[in-house]
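Trainee:
2 protein chains.
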Amino acid sequence: MQSFELLSQKFALHFEQPHFPNDPASLYKPNEYFLQLGGKRIRPVLCLMGNELFDEINPDAWHVATAIELFHNFTLIHDDIMDKAPLRRGNETVHAKFGENTALLAGDVMLVAAYNSLNKINTSYIRSIISLFNKTASEVCEGQQLDMDFEKTDTVSLDDYLHMIELKTSVLLAASLKMGSVLGGASQRNQTLLYEFGKKLGIAFQVQDDYLDAFGDPKKFGKQPGGDIKANKKTFLIVQAMCVATDAQKKELKKLMDGNAKDKTEKVLQLFHDCRVNEWALQLKNKYLDEAFAHLEDVAVLSKRKEALQEMAKFLVQREH
Amino acid sequence: MQSFELLSQKFALHFEQPHFPNDPASLYKPNEYFLQLGGKRIRPVLCLMGNELFDEINPDAWHVATAIELFHNFTLIHDDIMDKAPLRRGNETVHAKFGENTALLAGDVMLVAAYNSLNKINTSYIRSIISLFNKTASEVCEGQQLDMDFEKTDTVSLDDYLHMIELKTSVLLAASLKMGSVLGGASQRNQTLLYEFGKKLGIAFQVQDDYLDAFGDPKKFGKQPGGDIKANKKTFLIVQAMCVATDAQKKELKKLMDGNAKDKTEKVLQLFHDCRVNEWALQLKNKYLDEAFAHLEDVAVLSKRKEALQEMAKFLVQREH
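Respectively, the protein sequence lines represent chains A and B. Per numbering that gives the first Met the number 0, residue 0 is the first one in the first sequence, and the count goes up by one each step. Per numbering that gives the first Met the number 0, residue 0 is the first one in the second sequence, and the count goes up by one each step.
1. State buried or exposed for B:Val-243, treating a residue as buried only when at least 16 other CB atoms are found within 10 Å of its CB.
2. So within the segment 206 to 255 of chain B, which uninterrupted alpha helix (DSSP H) runs reach at least 4 residues, ignoring any that extend past its ends?
3. Give the straight-line distance between the Cα atoms of A:Gly-106 and A:Ile-76, rounded to the nearest whole angstrom.
4. Quick test of your reading: A:His-18 and A:Ala-84, contact by CB under 8 Å. State the CB separation rounded to the nearest angstrom.
5. Beta carbon of A:Ala-240, beta carbon of A:Val-276: below 8 Å?
6. Within the same chain, show all residues whose beta-carbon is closer than 6 Å to that of A:Tyr-160, passing over the 5 residues directly before and after it, in chain order.
7. Using a Cβ distance threshold of 8 Å, determine whether the segment 291 to 299 of chain A contacts the segment 188 to 208 of chain A, with at least three qualifying pairs required.
8. Please name the residue in B:Cys-140, B:Asp-78, B:Asn-115, B:Glu-141 whose C-alpha comes closest to that of B:Ile-129.
9. Taking the alpha helix (DSSP H) that A:Asp-353 belongs to, which residues open and close that run?
10. In angstroms, rounded to a whole number, what distance separates the CA positions of B:Gln-8 and B:Phe-14?
11. Determine, using beta carbons only, whether A:Asn-50 and A:Gly-179 come nearer to each other than 8 Å.
12. Starting from B:Ile-129, find everything on chain A with Cβ-Cβ shorter than 7 Å and list it in chain order.
13. Any beta carbon of chain A sitting closer than 8 Å to that of B:Leu-103?
14. Report yes if the CB atom of A:Leu-172 is closer than 8 Å to the CB atom of A:Leu-45, and no otherwise.
15. Tell me, which residues are paired with A:Asn-90 by DSSP?
16. Return helix, strand or coil for B:Pro-17, following the three-state DSSP convention.
17. Measure the beta-carbon distance from B:Asp-103 to B:Ile-80 and round it to whole angstroms, keeping in mind my assumption that it falls under 8 Å.
18. By the three-class DSSP mapping on this structure, what secondary structure does B:Tyr-124 have?
19. Near A:Lys-266, which residues of its chain fall below 6 Å by C-beta distance, leaving aside the five closest residues on each side in sequence?
20. Listing by chain order, which chain A residues have their CB less than 9 Å from the CB of B:Asp-25?
21. What does A:Met-321 reach in chain B if we use C-beta pairs closer than 7 Å?
22. Please state if the CB of A:Leu-166 and the CB of A:Leu-145 are separated by a distance shorter than 8 Å.
23. If you drop the 5 nearest sequence neighbours on each side, which residues of the same chain put their C-beta closer than 7 Å to that of A:Ala-291?
24. With burial defined as no fewer than 16 other Cβ atoms inside 10 Å of the residue's Cβ, what is the status of A:Gln-16: buried or exposed?
25. Inspect the beta-carbon positions of A:Lys-235 and A:Pro-224 and report whether they are closer than 8 Å.
26. What span of residues does the alpha helix (DSSP H) with B:Lys-303 cover, start to end?
27. According to DSSP, is B:Met-163 helix, strand or coil?
28. Within its chain, find whatever has a CB closer than 8 Å to the CB of B:Gln-248; leave out the 5 residues flanking it on each side and keep chain order.
29. Relative to the C-alpha of A:Met-147, which residue among A:Glu-91, A:Lys-233, A:Asp-22 is closest?
30. Determine the contact status of A:Ala-11 and A:Arg-40, defining contact as a CB-CB distance below 8 Å.
31. Determine, for B:Val-108, whether the minimum Cβ-Cβ distance to residues of chain A falls below 8 Å.
32. Beta-carbon separation of B:His-71 and B:Ile-120 under 8 Å?
33. Helix, strand or coil: which one does DSSP assign to A:Asn-100?
34. What number of angstroms, rounded off, separates the C-alpha of B:Gly-258 from the C-alpha of B:Gly-226?
35. What's the C-alpha gap between B:Phe-3 and B:Ala-307?
36. Check the C-beta distance from A:Thr-264 over to B:Thr-122 and give it rounded, since I have them as a contact under 8 Å.
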């Protein structure tokens with residue numbers, strides 16, 4: 000089993016090739032621009048790791064990993080349009096740089112390219128891989144729609160929020176691992192365990208994301224915390240705060256979030272502290288990480304082979320940036 | 000061989016089923032709304048006809064036909080966003096009714112549903128069908144991008160315009176026929192001939208579309224002609240007029256198109272008449288129809304079996320609405 004870092008480097012090298020023709024440049028250049036912005040390539044590496052857990056890496060795993068990364072980038076391009084986000088990874092988003100219409104089409108053709116990559120794998124498992132890919136892709140769209148629906152709702156229950164995060168974030172991590180395992184000849188049971196591991200890990204990952212955005216150390220986090228608060232984004236922290244706060248605190252929190260006061264971030268963070276939302280988030284994260292590890296524990300392969308996945312999971316949910 | 004009308008009725012019945020789950024309704028209702036607006040279902044029926052040309056209809060042809068129609072509707076939803084079109088088939092477009100963000104996502108998930116339908120076919124030809132589907136899907140996106148690029152260009156050569164129409168319109172008709180023929184066990188040569196038939200037919204179809212929009216009989220056309228002129232859309236007629244007009248006429252045409260005068264349509268139509276663009280368009284249409292028929296002629300099956308396709312082709316390019 001190779002480490003996350005090593006596989007990440009190998010995948011970056013593999014993924015460096017051009018993914019689109021030159022012509023028309025007005026359609027394909029925006030996509031090449033976006034892909035070269037980089038990223039942690041977590042999902043494709045999970046696919047490779049899910050594969051290597053059971054056997055030497057199957058050459059088809061590279062095609063599936065590529066499809067997953069193209070799919071993920073397609074969702075980012077379209078999400079950025081919906082969120083009207085000007086920046087991604089410190090650079091202009093596709094729609095900001097090339098216009099919304101081109102970004103829409105560029106995203107579409109990126110999704111088609113993902114299916115092109117899937118279509119290269121051995122036909123013996125093409126149907127099961129595409130089936131899981133389609134299910135996951137639909138769920139990610141559902142998650143994004145729910146996220147937008149929640150923007151218009153004052154309060155969201157923790158259960159509903161968890162369900163949304165599962166769809167928007169977790170299932171793609173879970174499916175990446177499972178697809179790798181399918182190509183590695185894993186049993187149905189092992190496939191399911193790995194999928195559940197990914198799903199729980201995805202939630203812990205998102206809790207950490209929300210936590211860092213509020214309480215991260217600016218020096219390590221690389222930017223001023225509070226971006227989600229300023230953008231009025233629903234996060235685990237807000238959802239929980241609205242759940243446990245006193246009526247007076249709820250009223251204040253709602254007023255702060257609806258407004259755009261200068262000290263908004265500071266005051267909301269104070270309220271988070273008052274409601275002990277920071278401690279709660281760390282507990283929630285650890286709960287999901289423990290559940291994830293329990294599923295991984297159950298996978299019927301030698302413990303030694305699981306170490307790389309364990310390290311990767313710890314890295315993802317304990318990262319400070 | 001069943002007629003276009005009969006297969007169209009059968010497909011409409013087959014396609015009536017719900018294509019999406021109920022939840023979340025905010026994502027899936029917009030798609031069900033759009034699909035029930037109907038349409039001529041030309042492309043899926045071409046797939047069925049391309050299949051029946053060689054054999055009894057293969058059950059998989061219904062899955063591919065469904066995928067093609069879902070794909071076509073995905074392009075319409077996204078094109079309507081890009082064109083800021085308020086109406087489609089006399090009803091509100093998805094983005095007008097449900098918002099742009101939802102329309103974007105609804106289109107995305109419609110494309111995924113198309114692949115879901117493709118994934119149901121026998122694995123013996125799944126790779127070749129998905130390969131042609133992906134190539135076509137990318138080309139349709141390229142065509143839409145070129146169309147948008149042309150909007151910003153004063154003059155477009157007829158060759159460039161033809162190339163754009165080939166991508167935006169023709170290749171999907173061509174691929175629909177070819178996919179049907181693949182499922183019918185057609186030889187490579189017959190597949191290619193049918194593809195070329197569809198490509199030429201697609202151009203003739205678009206010429207008729209442009210012609211009707213300018214010169215259609217309002218009583219039969221169902222709406223006041225001149226929509227493309229008012230919307231400043233590049234059409235075969237404008238492209239040809241800008242090519243053959245005198246310098247003075249070109250100047251006037253450009254001035255008219257750039258402006259929004261009350262008598263814009265009337266004056267542009269007069270210029271079209273002066274440049275004999277109407278006669279030219281009918282000749283161009285017939286040229287492509289003849290070329291299409293020559294390819295169909297070459298397909299190595301009994302002439303009798305080709306009659307339904309010939310009738311359909313005549314109907315598509317001679318329709319008055």
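Cβ coordinates follow ideal geometry from the N, Cα and C atoms, glycine included.
Mentor: Short version:
1. exposed
2. 217 to 220, 226 to 229, 235 to 243
3. 6 Å
4. Wrong, their Cβ atoms sit about 22 Å apart, outside the cutoff.
5. yes
6. Val-238
7. yes
8. B:Asn-115
9. Limits of chain A in this structure are 0 at one end and 320 at the other, which puts residue 353 of chain A out of reach.
10. 10 Å
11. yes
12. Tyr-114, Asn-118
13. yes
14. yes
15. A:Arg-87
16. coil
17. According to the sequence shown, residue 103 of chain B is Leu rather than Asp. Their Cβ separation, rounded to whole angstroms, is 6 Å, which keeps B:Leu-103 and B:Ile-80 in contact under 8 Å.
18. coil
19. Leu-255
20. Checking the sequence shown, residue 25 of chain B turns out to be Ser, not Asp. Chain A residues near B:Ser-25: Gln-144, Leu-145, Met-147, Asp-148.
21. Because chain A here runs from 0 to 320, residue 321 of chain A falls outside it and cannot be looked at.
22. yes
23. Phe-196, Lys-199, Leu-200, Ala-203, Ala-312
24. exposed
25. First, the residue type needs correcting, since residue 235 of chain A is Phe and not Lys in the sequence shown. No, Cβ-Cβ distance for A:Phe-235 and A:Pro-224 is not below 8 Å.
26. 302 to 317
27. helix
28. Ala-240, Leu-270, Asp-273, Cys-274
29. A:Lys-233
30. yes
31. yes
32. no
33. helix
34. 15 Å
35. 7 Å
36. That belief does not hold up - the Cβ atoms of A:Thr-264 and B:Thr-122 are roughly 55 Å apart, past 8 Å.
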